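Notes to accompany the following structure.
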Amino acid sequence: MNLTDPHNRPEPHQNGGQVSYRVLLVEDDPMVQEVNRQFVERVDGFRIIGTASNGADGLSMTRELLPDLLILDVFMPMMDGMNTLTAIRAEGLQVDVIVISAANDKQTIQHMLQNGAIDYIIKPFKFERVQQALEQFRSKKQSLQAIQNISQQQLDYLLFGHTSPGEPVISPAPASPSIQAAGLAASEELPKGLQAITLKQIVQFLSVCSTPLSAEEVAEGVGIARVTARRYLDYLEKHGQVRLDLQYGVGRPVNKYILNGK
Numbered sequence: 001m002n003l004t005d006p007h008n009r010p011e012p013h014q015n016g017g018q019v020s021y022r023v024l025l026v027e028d029d030p031m032v033q034e035v036n037r038q039f040v041e042r043v044d045g046f047r048i049i050g051t052a053s054n055g056a057d058g059l060s061m062t063r064e065l066l067p068d069l070l071i072l073d074v075f076m077p078m079m080d081g082m083n084t085l086t087a088i089r090a091e092g093l094q095v096d097v098i099v100i101s102a103a104n105d106k107q108t109i110q111h112m113l114q115n116g117a118i119d120y121i122i123k124p125f126k127f128e129r130v131q132q133a134l135e136q137f138r139s140k141k142q143s144l145q146a147i148q149n150i151s152q153q154q155l156d157y158l159l160f161g162h163t164s165p166g167e168p169v170i171s172p173a174p175a176s177p178s179i180q181a182a183g184l185a186a187s188e189e190l191p192k193g194l195q196a197i198t199l200k201q202i203v204q205f206l207s208v209c210s211t212p213l214s215a216e217e218v219a220e221g222v223g224i225a226r227v228t229a230r231r232y233l234d235y236l237e238k239h240g241q242v243r244l245d246l247q248y249g250v251g252r253p254v255n256k257y258i259l260n261g262k
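Residue numbering for the sequence shown is 1 to 262, as defined by full-length UniProt numbering.
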């Protein structure tokens, strides 16, 4: 395999049915780099595949490792983050970039955003802000992988989290690991083996899909195994959140699911 070919990206790793996105950290301050590592590893679905302490090494490792996500500082020796990102785009390396930097001037922020940074976090920062950035990256990535032709409503949700100004697609779920993630009874806990964050992702994915989907289609969209998706969908059907649409064709009928109210 030609590691410098931006199209030869390794598939995201699956661990127990959950997709794990590959992250490269580029930060010259060892203490901040360690904080970044710990924060990333606290969010489900992400794993660190390498670290670099300057932009030149970061660019080289991006070519070699082809990460899914690059977390990039701006002020670094040898090559700063602005030149690093410019070089990444010039070489056509297909990697999403989240900037974490003390640089808060308009020119730097504008440069990074114009060169394709998907988020910009100003130091000092809290875990919750990094978590938000990672979860937004994951949600958009999974949804785009599952949808071939995107409607304006779906695109608005992916970009802004709502379908029209001020209208959320789905109410934000509490951080509690309970059934509230799917809008069900707050007093009912999830069965063993089901995770609130995955349940929320499935509900969010279904909320932007206007037609019934099979367990396989949901699995591809959310980035989990088909058997795992089936367990969550069966649970949602049991609790009245989705309805089952049995579709007949050649061979065996296919179970398809759609959110109630659609």
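The beta carbon of each residue, even a glycine, is placed where N, CA and C say it ideally should be. Every value quoted in this text rests on a predicted model; they were computed, and no experiment measured them.
Collapsing the DSSP output to three states places F46 in a strand. Of S207, Y257 and L236, the smallest CA-CA separation from L246 is found for Y257. For L199 and M78, the gap between their C-alpha atoms comes out near 44 Å.
Going by DSSP, Y120 is part of no alpha helix (DSSP H) but of the beta strand (DSSP E) stretching over A117 to I122. V250 counts as exposed, since fewer than 16 other beta carbons sit within 10 angstroms of its beta carbon. Per DSSP, the unbroken alpha helix (DSSP H) holding L206 starts and ends at A196 to S207. Here F137 is not near R42, since their CB atoms are 9 Å or more apart. According to DSSP, residue pairing for I150 in a beta bridge does not occur.
The alpha helix (DSSP H) runs of length 4 or more contained entirely in the UniProt domain "Response regulatory" (22-138) are, from start to end of the chain, 30-41, 55-65, 81-90 and 106-114. Contact check for V40 against V130 passes: the beta carbons are separated by less than 9 Å. Within the model, the alpha-carbon separation for V99 versus E34 is close to 16 Å. With a cutoff of 9 Å on beta-carbon distance, A52 and L25 are scored as near each other. In chain order, V19, Q201, F205, G221, V222 and G223 place their CB closer than 8 Å to the CB of Q142, counting only its own chain and leaving out the 5 sequence neighbours on each side. L69 places its beta carbon less than 9 Å from that of V23. Looking at D105, N115, S101 and L66, the one whose alpha-carbon comes closest to that of A90 is N115.
Here S101 is buried: its Cβ has 16 or more other Cβ atoms, across all protein chains shown, within 10 Å. The Cβ atoms of D73 and D119 do not sit closer than 9 Å to each other. Secondary structure at K238: helix, using DSSP grouped into helix, strand and coil. In this structure, Q241 is the residue among Y248, D234, R252 and Q241 with its C-alpha nearest to the C-alpha of L259. For V218, the enclosing alpha helix (DSSP H) starts and ends at A215 to V222. By the 16-neighbour rule on beta-carbons within 10 angstroms, L190 is buried. For Y232, the secondary structure class from DSSP, reduced to helix, strand or coil, is helix. About 11 Å separates the beta carbons of A225 and V218, which is beyond the 8 Å limit, so they are not a contact pair.
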